[in-house]
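K.L.:
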Amino acid sequence: MTGPMIGRRGVAGLGLGLLLGGCSSGLVGMGVPSKGRMVDVAASGSAAPAPAPADLSIRDFLRFEHGVLEDNALAAHCRRILDRLLAAWPSARPEVSVWIVPKATFTAEASRDGAIMITTGTFDYLMQQPDLQTEDALAFVIAHEVAHLLLGHARERASTQQAMHQLSGLLFVAANVAGRATGGGADVAKIAQKVLIGNQLGLETLDATLFPGWNRAQELQADALGCDLMARAGYSLQAVPQVISVMEALEAEQARRAGPEPKLVVTTANSVRIQPGELLVRGLNQLRETHPGAADRKAQANAYIEREWGDEAVGFNREGFRRIAGDRAVRGVMSDSAAANRALAELSGDRPRDALRSLTQVDPRGPVNGSAITMLARMMLQNAPAPLEHPRATLPMYKVAIIRTGQDNRPAEALRLLEVAQERFDEPELMVQRIRVLNHMGRKLEAQLLAVRCAASGITGLQEACIAASRT
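Count the sequence shown with the UniProt record's numbering and you get residues 1 to 472, in order.
(1) I need the straight-line Cα distance from Arg9 to Gln129, nearest angstrom please.
(2) Exposed or buried, which one is Thr374 when buried takes at least 16 other CB atoms within 10 Å?
(3) Tell me Met117's beta-bridge partners as DSSP assigns them.
(4) Report buried or exposed for Ala186, applying the criterion of at least 16 other Cβ atoms within 10 angstroms of its Cβ.
(5) With C-beta atoms as the reference, is Pro371 less than 8 Å away from Thr120?
(6) Would you mind giving the Cβ-Cβ distance between His144 and Asp223, rounded to the nearest angstrom? I have them listed as a contact below 8 Å.
(7) Have a look at Ala313, Arg342, Cys466 and Gly366 and flag the residue whose alpha-carbon is nearest the alpha-carbon of Leu356.
(8) The alpha helix (DSSP H) spanning Glu312 covers which residue range?
(9) Since I believe Thr472 is in contact with Arg436 (beta carbons under 8 Å), could you give me their beta-carbon distance rounded to a whole number of angstroms?
(10) In chain order, what residues of the same chain have a beta carbon less than 8 Å from the beta carbon of Pro411, not counting five sequence neighbours either side?
(11) For Ser34, tell me which candidate among Gln448, Ala303 and Gln433 has the shortest Cα-Cα distance.
(12) Does DSSP put Ala412 in a helix, a strand or coil?
(13) Figure out for me which residue from Glu464, Val240 and Gly326 has the closest Cα to the Cα of Ala295.
(14) Considering only the alpha carbon of each residue, which of Glu312, Met38 and Leu62 lies closest to His390?
(15) For the region 96-109 and the region 315-326, state whether three or more C-beta atom pairs, one from each stretch, are separated by less than 8 Å.
(16) Could you give the DSSP three-state label for Ser44: helix, strand or coil?
(17) Return the residue from the list Ala469, Leu430 and Asp426 that minimises the CA-CA distance to Leu445.
(18) In this structure, does DSSP put Tyr125 in helix, strand or coil?
(19) With a threshold of 8 Å, are at least 3 pairs of Cβ atoms found where one atom belongs to the region 35-43 and the other to the region 224-235?
(20) So the candidates are Arg392, Ile100, Ser348 and Ala340; which of them puts its Cα closest to the Cα of Cys78?
(21) Considering only C-alpha positions, which residue in the set Met247, Val243 and Asp113 is nearest to Asp131?
(22) Kindly indicate the opening and closing residues of the alpha helix (DSSP H) around Ile435.
(23) Return the residue from the list Ser111, Asp124, Tyr125 and Glu135 that minimises the CA-CA distance to Leu150.
(24) Taking all protein chains shown into account, do 16 or more other C-beta atoms lie within 10 angstroms of the C-beta of Glu464, making it buried, or fewer, making it exposed?
(25) Go to Asn341, then tell me how far its alpha helix (DSSP H) extends in each direction, as first and last residue.
(26) Quick one: is Ser44 buried, meaning 16 or more other Cβ sit within 10 Å of its Cβ, or exposed?
(27) Just to confirm, are Ala139 and Leu85 a CB contact at a threshold of 8 Å?
(28) Measuring only the C-alpha atoms, how far is Val420 from Thr394?
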């Protein structure tokens, strides 16, 4: 599913993913200083990641179907703001890249290797809310994420989100099983593809709305350092509680919409649907207890601003935001991203004609046309070849290609693609499917050896899945 366009339709479709990230590292044990500014403490012990190649820095963002957009007008505006914020950093300046993700939720996050992601949904929301139509609001979104990098938090992101990645791999196996259980012959690959993408979208929603990326100390640290960077760069700190208030509204909406905990597999007369399981949701809810609520964050941020920057009076930069919102190229990116998201959602809902119509609305000359989300939609709609050689190919693109190899009875090619995907995306959960393929090919010893390697990974749940697969 795709989140609805936001603003006039309220916050119901927005993810709670703004300011996601990692776990314990850097200055986490210290918290926000009771006296003095966070920037002075952080600059003396900066733990920002060393520069990483572009393909590695955005690897976390390529795990999901939206991928990232190549150089575009929206990213250029964000880089300008990022440069201004980093110029206010009193220590050695790290190399930080910023990427736009064509996704409808209100989300921003930092990768473990020094990249920042901002969704088109974030811009759409800011554009439709008069109080947030300031460059200062966007600056806080960016400042908070770069603060996580400067504080050394993001390196631990992978370990805190291991449950998500594990579920991703297991859902992939389940998609193949579902396809075989509900069809046969030529329909197997199509059914499995639809199940895969539908649950990939659900997994992203769970990742963005439930998973507590940072703990309380880290979030409050990043808020404080973000405030310092903004003030030193000449941005208005009045935008900080405004943006956090968005999170407060999203949390309230999420609480209202909360329903029964889902089952892992839901079957009807005509379909099998895999969704995040009851135990996973319960586990995530337990983890959320250590994550600060938006109301807490807003109160802490207001107190910090009053204490350290109460004598600063800087007006909002509305003109800067108007330049961004009025940029024709930016509006093109926004419109094309919405069309591509609709197409993927329509394909997941088995509405290929609607999906084709949505894809024709994507400007063939724009950056969204050659993006991963559009390529994936075309793969599913037109049975087009998988452009896995593309430097921004995503894990879901590989998964669709692997499902096709199973339909065409090409286990050797499936095994090759699984090995490449596991290495490219650092996705150990694909070992489960590799073991299944090796068993299918009669290579029992290799399957058992891989199961031993998997068991040595220390990833709870994955170990059991690999051992079970080796016995199949």
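Cβ atoms here follow ideal geometry from the backbone N, Cα and C, with glycine treated the same way.
P.N.:
Reading it off the structure:
(1) Within the sequence shown, residue 9 is the residue found at index 9, counting from 1. Within the sequence shown, residue 129 is the residue found at index 129, counting from 1. Confidence at Arg9 is low in this model, with a pLDDT of 32, below 50, so its placement is unreliable and the value that follows should be read with caution. In a straight line, the C-alpha of Arg9 is about 11 Å away from that of Gln129.
(2) Here residue 374 refers to the residue found at position 374 of the sequence shown. Under this definition Thr374 is a buried residue.
(3) Start at 1 with the first residue of the sequence shown, and residue 117 comes out as number 117. The beta-bridge partner set that DSSP reports for Met117 consists of Trp99 and Glu109.
(4) As a working mapping, residue 186 is identified with position 186 in the sequence shown. For Ala186, the predicted model reports a pLDDT of 48, less than 50, meaning its position is unreliable; a value from the coordinates is still stated below. Classification for Ala186: exposed.
(5) The sequence position of residue 371 within the sequence shown is 371, counting from 1. The sequence position of residue 120 within the sequence shown is 120, counting from 1. At residue 371 the sequence reads Ser, which differs from the Pro that was named. Contact: no.
(6) What you label residue 144 is simply residue 144 of the sequence shown in a count that begins at 1. What you label residue 223 is simply residue 223 of the sequence shown in a count that begins at 1. That pair is a contact at about 6 Å.
(7) In the sequence shown, counting from the first residue as 1, residue 356 sits at position 356. Comparing Cα positions, the closest option is Arg342.
(8) For the purposes of this step, residue 312 is taken as residue 312 along the sequence shown, with counting starting at 1. Element bounds for Glu312: n/a, residue is neither H nor E.
(9) Translated into the one-based positions of the sequence shown, residue 436 becomes position 436. Translated into the one-based positions of the sequence shown, residue 472 becomes position 472. Right, the Cβ-Cβ distance comes to about 6 Å (below 8 Å), so this counts as a contact.
(10) Residue 411 sits at position 411 when you count from the first residue of the sequence shown. Contacts found: Thr405, Val437, His440 and Met441.
(11) As a position in the sequence shown, residue 34 is number 34, starting the count at 1. Considering only alpha carbons, the answer is Ala303.
(12) On the sequence shown, position 412 is the one that residue 412 refers to. Residue state, collapsed to three classes: helix.
(13) Numbered from 1 along the sequence shown, position 295 holds the residue referred to as residue 295. If we check each option's Cα against that of Ala295, Val240 comes out closest.
(14) Mapped onto the sequence shown, residue 390 falls at position 390. Comparing Cα-Cα distances from His390 to each of Glu312, Met38 and Leu62, the minimum goes to Leu62.
(15) Look at the beta carbons and you see the region 96-109 not touching the region 315-326: under three pairs across the two are nearer than 8 Å.
(16) For the purposes of this step, residue 44 is identified with residue 44 of the sequence shown, where counting begins at 1. Annotated three-state conformation of Ser44 is helix, per DSSP.
(17) Reading the sequence shown from its first residue, position 445 is the one you call residue 445. That would be Ala469, whose Cα lies nearest to the Cα of Leu445.
(18) Taking the sequence shown and counting its residues from 1, one reaches residue 125 at position 125. Three-state result, Tyr125: helix.
(19) yes
(20) Locating residue 78 in the sequence shown gives position 78, where the first residue counts as 1. The option with the nearest alpha carbon to Cys78 is Ile100.
(21) Within the sequence shown, the letter at position 131 stands for residue 131. Here the closest residue by C-alpha is Val243.
(22) The residue you call residue 435 lines up with position 435 of the sequence shown. Per DSSP, Ile435 belongs to the alpha helix (DSSP H) from Met431 to His440.
(23) For the purposes of this step, residue 150 is identified with residue 150 of the sequence shown, where counting begins at 1. Of the candidates Ser111, Asp124, Tyr125 and Glu135, the one whose C-alpha sits nearest the C-alpha of Leu150 is Ser111.
(24) Locating residue 464 in the sequence shown gives position 464, counting from the first residue. Answer is exposed; the Cβ neighbour count stays below 16.
(25) The residue given as residue 341 occupies position 341 in the sequence shown. Taken as a continuous stretch (DSSP letters only), the alpha helix (DSSP H) holding Asn341 covers Arg328 to Ser348.
(26) In the sequence shown, the residue the question calls residue 44 occupies position 44. Classification of Ser44: exposed, given that the 10 Å Cβ count is below 16.
(27) To locate residue 139, count along the sequence shown from 1; it is residue 139. To locate residue 85, count along the sequence shown from 1; it is residue 85. The answer is yes: Cβ separation under 8 Å.
(28) As a working mapping, residue 420 is identified with position 420 in the sequence shown. As a working mapping, residue 394 is identified with position 394 in the sequence shown. The alpha-carbon atoms of Val420 and Thr394 are separated by roughly 12 Å.
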